[in-house]
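Its first residue numbered 12, the sequence shown is counted upward by one per residue in this note's numbering.
Contents: one structure, followed by commentary.
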Amino acid sequence: MLDQNRRPKPWKILKSKTTFEDKWLRLRSDRCETANGDIVEPYHVIKFPEWINIIAFDQESLELILVDEYRHGAGHAVFGLVSGAVDGVDGRSISVASKAAAKRELLEETGYRTHDPKLLLTAMPNPATQSNLVRSYISFDAQRVAEPNFDAGGSEFCLTVKRDFVDVLADISSGELIMQAMHVAAIWSAARYILKTANLPNNVQPLHDKVCTFLFD
Numbered sequence: 012m013l014d015q016n017r018r019p020k021p022w023k024i025l026k027s028k029t030t031f032e033d034k035w036l037r038l039r040s041d042r043c044e045t046a047n048g049d050i051v052e053p054y055h056v057i058k059f060p061e062w063i064n065i066i067a068f069d070q071e072s073l074e075l076i077l078v079d080e081y082r083h084g085a086g087h088a089v090f091g092l093v094s095g096a097v098d099g100v101d102g103r104s105i106s107v108a109s110k111a112a113a114k115r116e117l118l119e120e121t122g123y124r125t126h127d128p129k130l131l132l133t134a135m136p137n138p139a140t141q142s143n144l145v146r147s148y149i150s151f152d153a154q155r156v157a158e159p160n161f162d163a164g165g166s167e168f169c170l171t172v173k174r175d176f177v178d179v180l181a182d183i184s185s186g187e188l189i190m191q192a193m194h195v196a197a198i199w200s201a202a203r204y205i206l207k208t209a210n211l212p213n214n215v216q217p218l219h220d221k222v223c224t225f226l227f228d
């Protein structure tokens with residue numbers, strides 16, 4: 012049941028096949044043997060591309076840049092971070108490609124450009140059934156340089172919304188703002204980053220002070 016490090020042993024994959032695949036995802040169906048010998052069949056694993064999201068602040072106002080977008084799974088518009096998938100145009104190395112994807116998605120969805128976003132958080136969206144990771148970035152230098160440029164095909168459309176960061180934290184805490192869980196994790200990680208990072212840009216100090224007051228007063 013446990014390995015040499017006293018961790019649960021991985022299952023053995025006895026048989027595996029692709030049962031569905033399109034440009035968005037691949038569904039793998041496995042026949043597995045658990046550590047205690049039980050057979051689990053089928054067990055479905057969804058293969059998605061690597062994902063990114065970005066906590067971007069307007070350089071002048073230090074407001075958080077969000078998007079308001081219809082989400083078909085929920086059936087209504089949802090406020091969220093700029094986010095998307097890492098694809099082939101972003102580069103070969105996953106660290107380089109993820110950072111490039113964050114910059115690309117921010118420009119495409121909002122018209123804002125950032126030059127050097129910092130990696131904030133790496134997480135597993137759902138390790139029970141998904142094999143990908145999501146990487147979250149933070150940037151304080153976003154500037155509006157263009158109009159949004161959505162992907163061709165008509166399915167992508169969102170509104171750019173700028174909000175006070177502390178107000179967003181408060182609304183998440185009160186339950187007034189319900190967001191995707193990975194975005195919530197990134198936003199709270201951003202709050203910690205703002206509090207703990209010693210070499211923040213000088214213009215970010217007022218934001219640091221507001222976050223500190225919200226959390227500790």
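All C-beta atoms, glycine included, are put in the ideal place defined by N, C-alpha and C.
Asked	Found
Cβ separation of Glu7 and Trp22, assumed to be a contact under 8 Å, to the nearest whole Å	Not covered by the structure: residue 7. The range shown for the chain is 12 to 228.
8 Å Cβ cutoff met for Asn64 and Ser94	yes
According to DSSP, residues forming a beta bridge with Pro19	Leu13
Rounded straight-line distance, which links the Cα of Ala209 to that of Asp162	38 Å
Contact under 8 Å by Cβ, Thr171 with Val78	yes
Gln154 - DSSP class collapsed to helix/strand/coil	strand
Local conformation of Gly91 per DSSP, three classes	strand
Opposing strand residues paired with Cys169 [DSSP bridges]	Glu80
Reduced DSSP category for Leu25 - H, G, I as helix; E, B as strand; rest coil	strand
Alpha-carbon to alpha-carbon, Pro19 and Ala192	26 Å
Cβ neighbour criterion (16 or more within 10 Å) applied to Ser150	buried
Three-state secondary structure (DSSP) of Ser147	strand
Inter-residue Cα distance where the pair is Trp7 and Arg82	A question about residue 7 goes unanswered here, because the residues of the chain that appear run from 12 up to 228.
Three-pair Cβ contact test at 8 Å for the stretch 105-113 versus the stretch 56-63	yes
Three-state class that DSSP yields for Phe176 in the structure shown	helix
For Asn213, three-class secondary structure by DSSP	helix
First through last residue of the beta strand (DSSP E) which encompasses Leu130	129-134
Phe168 versus Pro159 - alpha carbon distance	9 Å
Assigned exposure category for Val156 - 16 Cβ within 10 Å defines buried	exposed
Ile50 - partner residues in DSSP beta bridges	Glu44
Range covered by the beta strand (DSSP E) that runs through Ile63	62-69
Alpha-carbon to alpha-carbon, Val145 and Asp41	24 Å
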